[in-house]
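This report concerns only the one structure given below.
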Ligand code: PRP
Ligand code: URA
């Protein structure tokens with residue numbers, strides 16, 4: 013059965029509707045998808061999402077000499093792009109985006125979700141020093157309760173970040189609401205908006221534990 017794409021796009025919240033993304037998300041959800049393919053899919057979806065998430069990057073005019081003559085061209089201008097994966101699972105989204113924007117810097121935020129309280133516990137933070145000058149793409153495949161994303165955005169802002177976008181693969185409505193309430197200036201771009209969370213804070217239908225499936229732990 014084919015489904016009509018939901019119209020879920022506002023300036024602050026986008027569900028990427030590209031057919032390649034939708035196709036690959038279905039493969040990602042499949043419990044029989046092996047670790048190697050799962051990792052490749054996360055990488056590919058992140059790249060396709062970054063293509064959309066960077067569609068409004070500023071350009072400036074430059075002149076360029078072709079082998080035949082001088083002409084006008086464009087190059088990226090303005091804020092320098094920085095990718096910030098939330099460890100661990102966000103790491104799986106970095107390389108795909110770096111293939112599109114090889115000059116991007118990469119910061120890291122270490123957080124894990126306490127299994128009982130579901131609240132994030134932080135253990136690492138490192139981003140480039142010139143944060144106010146930079147444009148940040150915060151990366152995590154899963155937006156569940158939103159606790160990790162809110163904590164990561166708060167930490168980025170404390171370090172001076174002013175322009176942050178959050179890219180995730182699968183989002184739960186509760187997580188989207190929590191991020192928007194805490195950080196109404198941070199757009200969320202996701203590949204799928206799922207139904208709900210279960211009693212353990214897992215996204216339904218979801219794809220399971222993204223970190224475990226990426227790294228083969230459990
Ligand atoms: C997962 C996921 C997010 C977080 C989402 O990480 O990668 O960081 O949970 O849940 P939340 O929205 O309820 O905070 P996890 O804590 O399992 O750590 P890991 O990446 O090290 O496995
Ligand atoms: N973290 C995951 O990896 N999966 C979920 O469904 C929720 C949080």
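Numbering (the numbering used here), first residue to last: 13 to 230. Here a beta-carbon is modelled for each residue, glycine too, at the ideal position from N, C-alpha and C. Computed from a predicted structure; not experimentally measured.
For the putative contact between residue i and residue j, defined by C-beta atoms under 8 Å, what is the C-beta separation to the nearest angstrom?
i	j	result
residue 27	residue 61	Not confirmed; about 10 Å, so no contact.
residue 165	residue 150	7 Å
residue 138	residue 127	With 8 Å as the limit, residue 138 and residue 127 do not qualify as a contact, their Cβ atoms being about 25 Å apart.
residue 153	residue 24	Their Cβ separation, rounded to whole angstroms, is 20 Å, which puts residue 153 and residue 24 out of contact at 8 Å.
residue 82	residue 116	29 Å between Cβ atoms; not a contact.
residue 1	residue 40	In the structure displayed, the chain extends from 13 to 230; residue 1 sits before or after that span and is not available.
residue 223	residue 100	5 Å
residue 191	residue 148	That pair is no contact at about 14 Å.
residue 107	residue 55	6 Å
residue 43	residue 228	Incorrect: roughly 14 Å between the Cβ atoms, too far for contact.
Using C-beta distances below 8 Å, list every residue in its chain close to residue i, excluding the 5 sequence neighbours before and after it, in chain order.
i	result
residue 87	71, 72 and 74
residue 131	125 and 159
residue 76	82, 83, 84 and 85
residue 49	39
residue 189	158
Within the same chain, show all residues whose beta-carbon is closer than 7 Å to that of residue i, passing over the 5 residues directly before and after it, in chain order.
i	result
residue 144	172 and 174
residue 51	104 and 226
residue 89	70, 71 and 72
residue 80	none
Assign residue i to buried or exposed, taking buried as 16 or more other Cβ atoms, counted over all protein chains shown, within 10 Å of its Cβ.
i	result
residue 160	buried
residue 217	exposed
residue 195	buried
residue 123	buried
residue 162	buried
residue 157	buried
Per DSSP, what are the beta-bridge partners of residue i in this structure?
i	result
residue 87	72
residue 97	151
residue 136	122
residue 77	82
residue 50	Answer by DSSP bridge pairing: none, since residue 50 is not bridged.
residue 169	Looking at the DSSP assignment, residue 169 forms no beta bridge with any residue, so it has no partner.
residue 145	In DSSP, residue 145 forms no bridge with anything.
Rounded to the nearest angstrom, what separates residue i and residue j at their Cα positions?
i	j	result
residue 225	residue 105	13 Å
residue 57	residue 22	21 Å
residue 197	residue 64	18 Å
residue 208	residue 214	8 Å
residue 136	residue 146	20 Å
residue 109	residue 176	16 Å
residue 13	residue 167	A caution first: residue 13 carries a pLDDT of 43, below 50, which makes its placement in the model unreliable, though a value can still be read off. Between residue 13 and residue 167, the C-alpha separation is close to 43 Å.
residue 45	residue 91	38 Å
residue 140	residue 67	23 Å
residue 98	residue 78	42 Å
residue 193	residue 102	22 Å
Who are the Cβ neighbours of residue i in its own chain at under 6 Å, not counting the five residues just before and after it?
i	result
residue 183	155, 202 and 205
residue 221	none
residue 234	Shown here, the chain extends from 13 to 230; a query on residue 234 therefore has no answer.
residue 113	93
residue 169	none
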